[in-house]
Structures are given as C-alpha cells and as structure tokens.
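What follows is a set of notes on a single structure, which appears directly below.
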Amino acid sequence: MRKRLIAGNWKMHGSVSQVKSLITGIQQGAQSYSTIDILVLPTFVHLSLVHDLLQSTAIKLGAQDLYPGAQGAFTGAVSGPMLIDIGCQYVLIGHSERRTIFHENLDLVAAKFKAAISAQLFPILCVGETNDERKQGETEAIIEEQLESVIRLVGIHAFQHAIIAYEPVWAIGTGLTATPEQAQAVHAFIRKLIANNQVDIAKTIRILYGGSVKADNARALFAMPDIDGGLIGGASLDANQFLNICEASCTK
Ligand code: PGA
1033 MRKRLIAGNW KMHGSVSQVK SLITGIQQGA QSYSTIDILV LPTFVHLSLV
1083 HDLLQSTAIK LGAQDLYPGA QGAFTGAVSG PMLIDIGCQY VLIGHSERRT
1133 IFHENLDLVA AKFKAAISAQ LFPILCVGET NDERKQGETE AIIEEQLESV
1183 IRLVGIHAFQ HAIIAYEPVW AIGTGLTATP EQAQAVHAFI RKLIANNQVD
1233 IAKTIRILYG GSVKADNARA LFAMPDIDGG LIGGASLDAN QFLNICEASC
1283 TK
C-alpha cells in the first residue's frame, strides 16, 4: 500500500506573518490525518522559519527548486546540501513553471534530479503536457521524454527515493482539472514506463496529481488506483482548503 502524500507548493507567495498563520492553521488540523504524509514547499527565504515552526510536528518540509552542484560561483542559486543543512527532505524538480518561465531544458532537469539524489533529498519530478501537445495526441510521448531523460542520466534505481507528479500544464492555476479518468490514464502510463525498467519500483513509487486540485474534486481524483496524492498550488495557501484536500485523501 502506497502512503498518500499531499504536498503544498506555495510558489512565490507569503510574508513572514502569512507563513506563520498558514503553518499554525495546517498544524492544528494535520494531527487528524496521520495515515498520510503532508509536505509544505515554501520559498527559499521562508524555509528556515517554516522548519522551526514545524518542530515537533509530522509535517514535512521541501524546497521548490535547487541548482546542481554543492557550492560555487552561481549567484542567486541554492544547492542540495544547503537544503539538507536547513532541514529539507524533499525538493520539486522540473515544475512546468521552471521549464517554461526559466527555460529549464531536459538536461538541466535531469542534472537537478541527480543533484537531489546525491544530496539525499527526495526529488518530486514534475512531468506534464501542454494543451497543444494534448490536442496533437502527444501526451504520452512528452511524458515519456521527460521521464526517460532523467532515467538515462541517473538510472532507474534512483527512483526508489523519488516521487513523480503528473501536472498537465493546461490544468495548473487555470481552474481546469483533468478528469479522474484522464489523470488515471496518464498515471497508469507513467507506472508502466517505470515497470518497463523495474517492476518493484513501479509498485512502490508514489505518483501525485497536480493541477487545480480543490477540496471538491480531490476525492474523485484520489479514488483512482494510480493516483497517490496531490501536488497542490493555489488551494495550499488556505489552511482550511488544504486540510480539506488532506481529508479527501485519507483512506477510510
Ligand atoms: P494549482 O498548482 O493547484 O494552483 O493548479 C499546482 C502546481 O503548480 O503544483
């Protein structure tokens, strides 16, 4: 049985006081959901604060990005060992906003995944197609390319310590969600790709769905056999909404 994971990707949001009240709110409800993993992904500047606020809770901490390499002349960048040092366990890799806005190509995404594994962080590899790609029938080819480019660099065994997030680009922040059936079809395809490389990893790897997940659509998505939780953007900035999504993911 794969343990469900609900991850809140806060993106570039939050002041110190907003972060404090969001964590207080999440923390108050989170104890009721001990059957799932709950993870928050604040900005770099809020990581230390959130780490301190999460002491003596089961809520996990991750970053939204890293730069390959341990240290060096990379102005503005943050490395995997630095994230470990301040108490992170997880890191998003290849979010579509990084791929699009920051022009991260397949090679850089793969290098970041490798850096996360080397630092002993759990990478959450984000994959997903654009609206045009879906219309052209290219969804599976795009996902395969995004996944295989990482597997080629790090090998399949690195995925023992990784999570995959399927996030159709057309569903992120748009209010359009993939139907549970659409999402399930892609999740099953991803699991099959992993199984082609290593059957046991395919059985245990968690594959999250992301893209306009809200409390009212979460339950139907999480009922799908290959959906193991969610990567939540907008709705993770409101403690009640986020907790309602956690509630929806709890197996009864
Ligand atoms: P959204 O974002 O829930 O606001 O669509 C999801 C994500 O980008 O991870």
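Per the numbering used here, the very first residue in the sequence shown carries number 1033; after that it's consecutive. Glycine included, C-beta positions come from ideal geometry on N, C-alpha and C. Predicted, not measured: the structure shown is a model, and the values here were computed from it.
For the alpha helix (DSSP H) holding Lys1235, just list the boundary residues, first then last. 1231 to 1236
Would you mind sorting Lys1284 into buried or exposed? The rule is 16 or more other CB atoms within 10 Å of its CB. Caution applies to Lys1284, whose pLDDT of 49 falls short of 50 and renders its modelled position unreliable; the model cannot decide the point.
What three-state label does DSSP hand Ala1105 in the structure shown? coil
Report the residue from Ile1116, Leu1185, Ala1095, Tyr1198 whose alpha carbon sits nearest the alpha carbon of Ile1259. Looking at the Cα atoms, Tyr1198 is the closest of the given residues.
Counting along the chain, where does the alpha helix (DSSP H) carrying Phe1274 start and finish? Element bounds for Phe1274: 1271 to 1281.
Looking at the secondary structure, which residues open and close the beta strand (DSSP E) in which Ile1116 lies? Ile1116 -> not in any beta strand (DSSP E); alpha helix (DSSP H) instead, spanning 1112 to 1117.
Distance, Cα to Cα, Arg1036 vs Tyr1241? 11 Å
Could you compute how far the alpha carbon of Ala1147 sits from the alpha carbon of Leu1275? Cα-Cα distance, rounded: 32 Å.
Can you tell me whether Pro1200 is helix, strand or coil according to DSSP? coil
Taking only the alpha-carbon atoms, compute the straight-line gap between Ile1183 and Ala1267 and give it to the nearest angstrom. 31 Å
Relative to the ligand PGA, is the shortest distance from any of its heavy atoms to the C-beta of Asn1041 smaller than 7 Å? yes
Tell me the rounded alpha-carbon separation between Leu1269 and Phe1221. 30 Å
Given this structure, state the Cα-to-Cα distance separating Phe1106 from Leu1138, to the nearest angstrom. Between Phe1106 and Leu1138, the C-alpha separation is close to 20 Å.
Taking 7 Å as the cut-off, is the beta-carbon of Ala1203 closer than that to any non-hydrogen atom of the ligand PGA? yes
Which of the three DSSP states is assigned to Gly1262 in this structure? When secondary structure is reduced to three states using DSSP, Gly1262 falls in the strand class.
Terminal residues of the alpha helix (DSSP H) in which Ile1062 lies: Correcting the residue identity first, residue 1062 is Ala in this sequence and not Ile. Element bounds for Ala1062: 1048 to 1062.
For Leu1098, is the classification buried or exposed, using 16 other Cβ atoms within 10 angstroms of its Cβ as the cut-off for buried? buried
Report, in whole angstroms, the separation of the C-beta atoms of Leu1093 and Leu1153, which I expect to be a contact under 8 Å. That pair is no contact at about 11 Å.
Three-state class that DSSP yields for Ala1039 in the structure shown: strand
Take Leu1085 as the anchor and find which of Gln1050, Thr1067, Pro1113, Pro1100 has the nearest alpha-carbon. That would be Gln1050, whose Cα lies nearest to the Cα of Leu1085.
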